[in-house]
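For reference, the structure is listed below as structure tokens.
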Amino acid sequence: MDDEAMTALDRNGAGGAMPPGRSRGRLADEVYDTLLGQLMSLRIEPGSRVTIDALARELGVSQTPIRDALNRMEAEGLVVRVPHAGYRIPPQITQHRFEDMLEVRLLLEPAAARRSAERASLEQVNGLRRMLAEMAELEGGAGPTAYGAFGLRDAAFHDLVALSAENEVIRETLARLHSHVHLFRLHRDAQVTHLAMAEHEQIVAAIAARDPDAAAYAMRRHILRSGERFRRIFDEVEDVGVMVAEA
Numbered sequence: 215m216d217d218e219a220m221t222a223l224d225r226n227g228a229g230g231a232m233p234p235g236r237s238r239g240r241l242a243d244e245v246y247d248t249l250l251g252q253l254m255s256l257r258i259e260p261g262s263r264v265t266i267d268a269l270a271r272e273l274g275v276s277q278t279p280i281r282d283a284l285n286r287m288e289a290e291g292l293v294v295r296v297p298h299a300g301y302r303i304p305p306q307i308t309q310h311r312f313e314d315m316l317e318v319r320l321l322l323e324p325a326a327a328r329r330s331a332e333r334a335s336l337e338q339v340n341g342l343r344r345m346l347a348e349m350a351e352l353e354g355g356a357g358p359t360a361y362g363a364f365g366l367r368d369a370a371f372h373d374l375v376a377l378s379a380e381n382e383v384i385r386e387t388l389a390r391l392h393s394h395v396h397l398f399r400l401h402r403d404a405q406v407t408h409l410a411m412a413e414h415e416q417i418v419a420a421i422a423a424r425d426p427d428a429a430a431y432a433m434r435r436h437i438l439r440s441g442e443r444f445r446r447i448f449d450e451v452e453d454v455g456v457m458v459a460e461a
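Numbered per our numbering, the sequence shown spans residues 215 to 461.
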């Protein structure tokens, strides 16, 4: 989504003018997707400052969709407004926040997978399979852009599972967590994408088989294993801190 949105903005937003026939909301959504992709790929680094003027020049659009997108990101906790200085990207999540987020996901996502196995339409099951195919194409990609694009599709995969569960409260709660944004900003590791793919395939297989217990189990195992993979990052940072303190 990030690359596609950037291409659309480069092609249609030349000169900073609103493209003919494109609504303000639609363009703001494209800007939002582009900025989200830049966050995921760490092209915009944690702690860095961004301004509306600079983004408008970079993306070739007017300030209005930039402002709309940043206002939305501020409401979601993805950026912080700095008085008279634009916006700042928040630092990486703390381990305490990470553990809280993991606990909420373990409560909600296995339940969503269970309901998806019971309620997902054939079209939605096929949509999950298409997402897996798209992620497989990105799995071996090198560099932060490919990793960020994988993360965006990972988030879309989990969102479709929640959507097919037909429980809007679960879906909205998971969306507000922005767990994939925070996790994929922590570290770029090709092994993360490889292991996640195998786990996603097991989830989709259980949903397609209409096996609620297996779907819930596969999702719970995926989240636990994902938690273990990302928890190592905090452990590594702590070990480095101890070594520096003892030096």
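For glycine and all other residues, C-beta sits at the position ideal for the given N, C-alpha and C.
7 Å CB neighbourhood of residue i in its chain, flanking five on each side removed
i: Arg-329; result: Ala-379, Glu-380 and Asn-381
i: Ala-376; result: Ala-326, Ile-384, Arg-385 and Leu-388
i: Leu-269; result: Ile-280
Near the ligand MG: residue i beta-carbon under 6 Å from a heavy atom
i: Val-293; result: In the structure shown, the ligand MG is absent, as is every other ligand, since no ligand is present at all.
Identity of the residue in the options nearest residue i by Cα
i: Glu-413; options: Val-296, Pro-426, Met-433 and Met-287; result: Met-433
i: Ser-262; options: Val-293, Arg-344 and Gly-441; result: Val-293
i: Ala-410; options: Tyr-431, Arg-399, Ala-326 and Arg-443; result: Arg-443
i: Arg-311; options: Ala-429, His-396 and Ala-423; result: His-396
i: Ala-428; options: Ala-327, Leu-388, His-372 and Thr-407; result: Ala-327
i: Ser-304; options: Val-418, Ala-350, Phe-371 and Val-264; result: It is Pro, not Ser, that sits at residue 304 in the sequence shown. The shortest Cα separation from Pro-304 among Val-418, Ala-350, Phe-371 and Val-264 belongs to Val-264.
i: Ile-258; options: Arg-295, Pro-297 and Arg-302; result: Arg-302
i: Val-406; options: Leu-352, Asp-425, Arg-295 and Val-296; result: Leu-352
Backbone CA spacing between residue i and residue j [nearest angstrom]
i: Ala-334; j: Ala-347; result: 19 Å
i: His-394; j: Ile-266; result: 25 Å
i: Arg-240; j: Phe-364; result: 23 Å
i: Arg-281; j: Leu-256; result: 21 Å
i: Arg-446; j: Ser-276; result: 42 Å
i: Glu-332; j: Arg-439; result: 24 Å
i: Ile-251; j: Ile-421; result: Note on identity: in this sequence residue 251 is Gly, with Ile being the wrong assignment. Cα to Cα, Gly-251 sits roughly 28 Å from Ile-421.
i: Glu-415; j: His-408; result: 11 Å
i: Gly-441; j: Glu-244; result: 30 Å
i: Val-339; j: Ala-419; result: 9 Å
i: Thr-278; j: Ala-430; result: 43 Å
Same chain, Cβ closer than 8 Å to residue i, five either side skipped, listed in chain order
i: Ile-437; result: Leu-316, Arg-319, Leu-320, Glu-323 and Pro-324
i: Glu-290; result: Arg-390 and His-392
i: Ala-423; result: Ala-331
i: Gly-235; result: At Gly-235, the pLDDT of 48 sits below 50, so the modelled position is not reliable; the number obtained from the coordinates is stated separately. Taken in chain order, the list of residues that qualify is empty.
i: Val-296; result: Arg-263 and Arg-302
Within 7 Å, strictly: CB atoms of residue i and residue j
i: Gly-341; j: Leu-366; result: no
i: Pro-260; j: Gln-309; result: no
Integer-rounded CB distance, given that residue j should sit under 8 Å from residue i
i: Leu-336; j: Met-287; result: So it is not a contact: roughly 35 Å between Cβ atoms.
i: Arg-399; j: Leu-253; result: 7 Å
i: Ala-283; j: Ala-242; result: 5 Å
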